[in-house]
Each structure stands twice: as structure tokens, then as C-alpha cells.
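Number of protein chains: 2
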Amino acid sequence: MPQPHDILFRTLADPTRRAIFERLCREGDLTVRALTAEAGVSQPAVSKHLGVLKRAGLVRDRHEGRQTHYSAELGALSPLIDWTNQMTGFWQSRFDDLEDLLNRMDQ
Amino acid sequence: MPQPHDILFRTLADPTRRAIFERLCREGDLTVRALTAEAGVSQPAVSKHLGVLKRAGLVRDRHEGRQTHYSAELGALSPLIDWTNQMTGFWQSRFDDLEDLLNRMDQ
DNA sequence: TCGATCAATAGCCAGCGGGTTATCGATTGC
DNA sequence: GCAATCGATAACCCGCTGGCTATTGATCGA
């Protein structure tokens with residue numbers, strides 16, 4: 007039972023893999039060849055990273071003849087956003103609790 | 007030249023370490039002993055994780071007698087928030103570009 | 001049809017990192 | 001003063017994962 011944000015953190019932890027995802031976010035739709043050209047690693051390595059990204063739901067693939075296009079799936083980032091909101095939210099509620107306490111002490 | 011969000015992703019990728027950070031976010035200020043009690047790993051392992059979190063700027067430590075208190079440093083999360091905003095932002099601007107294109111085609 | 005290109009898979013290897021136990025220094029309570 | 005507790009460090013081990021090369025299957029161009 008791995009939580010959704012767990013997979014995201016693990017998937018995005020690797021710099022090479024994250025760089026691939028970033029390019030897809032910026033440039034929108036790229037072939038494996040195009041991605042490999044600037045990834046700094048071999049084509050199989052890129053394919054492996056794309057596989058991981060796909061299983062994490064972060065990218066979609068589209069087959070067109072003998073080449074495969076990948077594109078970013080930005081909705082998949084929401085668990086990450088939720089997580090950070092939750093963390094900062096915990097802090098906020100602790101702050102509110104403190105404020106409440108101080109208010110009660112005032113009376 | 008590791009970018010700030012790079013360190014954050016790597017640091018938060020490990021579930022045990024992230025769980026420790028989450029507890030500090032929820033409960034605010036805990037000793038190593040208290041953290042170890044529910045971490046599911048040994049005390050040295052917890053200390054090691056706290057070291058990594060500290061070097062990432064995600065926690066602060068406070069020495070009080072023979073025990074050390076740790077607390078979350080939420081500001082350190084901002085590079086993460088910035089990164090997600092950037093990614094979704096790229097998408098947004100690509101969408102805008104498309105919209106512009108379509109508008110021009112209308113004319 | 002046949003050579004060339006594209007991408008995925010297989011198989012392998014090396015390094016990193018997260019776990020452990022043992023220990024040590026510092027602090028505290030009796 | 002001495003035993004006990006707390007937390008950090010040392011030293012070590014093992015598994016995972018990210019990299020590579022080689023290969024295969026599929027598609028395209030000539």
C-alpha cells in the first residue's frame with residue numbers, strides 16, 4: 007500500500023529521470039530519440055526512465071509508426087502538491103492551537 | 007551545483023526519513039528518543055536520517071541537556087513548491103501559445 | 001526485398017545508501 | 001562517584017537501482 011506521493015518522490019528523486027520529465031513539461035511532446043539526444047545517457051537508459059515515469063503516471067506514450075512520443079501528465083503531480091499543503095497545513099494548525107491557547111490565557 | 011529542489015527530492019524519497027519529517031510537521035518538536043520509538047528502525051538509523059534532513063535544511067536541532075530536540079523547518083519546502091509551480095506553469099504557457107495560435111488562425 | 005533506423009528488452013555490473021551492531025562522550029539521577 | 005540514559009559516530013553488510021552493451025522486433029525508405 008504505497009501512498010501516491012511515495013511513488014512520486016521516489017520517481018522524481020533521480021536527476022536524470024527528473025530532467026527528462028522537465029523537458030517533457032517544457033517542450034510538450036518528444037520522441038525517445040529526441041529525449042536521448044540531450045539526456046546524457048544511452049537510449050536504453052532513457053527508455054528505462056520513461057518506463058518508470060509511465061508506471062508512476064507522470065507521462066503518456068503515443069506510438070506513431072516506428073517511433074514513440076512521450077508527453078507529461080501534469081495531473082499526476084497533484085499528490086505532491088497535496089502533500090506539501092498538508093505539511094504546511096499541520097504547521098498552520100499547530101500555530102492556530104497556540105493562538106487559541108494564548109487567547110484562553112488572556113481571559 | 008545541485009539545485010535546491012534536487013536535494014529535497016532525494017532527501018524526501020526515502021519513506022522512513024519522510025515519515026520522520028512528517029511526524030515533526032504534525033507534532034512540532036520531538037526528541038530523538040521519541041522519534042525512534044515509532045520509526046520502526048534503530049536509534050542510529052534515526053540519527054542518520056535526522057542528519058540528512060538537517061543537511062537538507064528541513065529540520066533544526068536544539069540541544070537540551072543530554073537530549074536533542076528536532077523540529078521541522080517548513081520554509082525549506084519552498085523550492086519544492088516552486089518546482090511544481092514551474093512544471094504546471096510550463097504547461098500553462100504552452101496552452102497559452104496554442105490558444106494564441108488558434109486565435110491567429112481564426113483571423 | 002533489404003538495409004537502416006527506432007525503441008524496448010535482456011543481462012550484467014558497480015556504486016550508493018539504508019540498515020545493523022558496537023562503541024563512545026556527555027549528561028543526569030541516586 | 002557511579003550507573004544509567006541519550007544520541008552521535010564508526011565500521012560493516014547487503015540490496016537496489018541506474019548505468020552499460022548486445023540484441024530483438026518493428027517500421028520505414030530506397
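Chains as they are written, first to last, in the numbering used here: chain A, 7 to 113; chain B, 7 to 113. Even for Gly, the Cβ is constructed at its ideal location relative to N, Cα and C. This one's a predicted model, so the numbers in the text were calculated from it and none came from an experiment.
In summary, the residues of the segment 74-91 of chain A whose CB is separated from some CB of chain B by less than 8 Å are A78, L80, L83, L86, I87 and T90, in the order they occur in the chain. Bounds of the alpha helix (DSSP H) holding A:S53 are Q49 to R61. Taking a beta-carbon distance threshold of 9 Å, B:E70 does not count as an interface residue toward chain A. Residue pairing by DSSP places B:A78 opposite B:V65 in a beta bridge. Among the residues facing chain B, A:D67 is not included, as its CB has no counterpart in that chain under 9 Å away. For B:P10, no Cβ of chain A is located within less than 9 Å of the residue's own Cβ. Per DSSP, A:Q92 has no beta bridge partner at all. Not a single CB atom of chain A sits nearer than 9 Å to the CB of B:L36.
By the rule that beta-carbons nearer than 9 Å mark a contact, B:T94 touches chain A. Contact annotation: the segment 26-45 of chain A does not touch the segment 9-17 of chain B, with fewer than three C-beta pairs closer than 8 Å. Here A:W89 has H11 as same chain residues with Cβ atoms under 7 Å from its own Cβ, once five neighbours each way along the sequence are excluded. Across the structure, A:E33 and B:T22 are spaced so that their CA atoms are roughly 35 Å apart. Nearest CB-CB separation between B:E28 and chain A: below the 9 Å threshold. Excluding residues up to 5 positions away in sequence, H11 and L14 lie with their Cβ nearer than 7 Å to the Cβ of B:L86 in the same chain. Setting aside the 5 residues that flank it on each side, B:R66 is surrounded in the same chain by S77 and E79, each with a C-beta closer than 6 Å to its C-beta; the list follows chain order. For A:L30, the enclosing alpha helix (DSSP H) begins and ends at P21 to E33.
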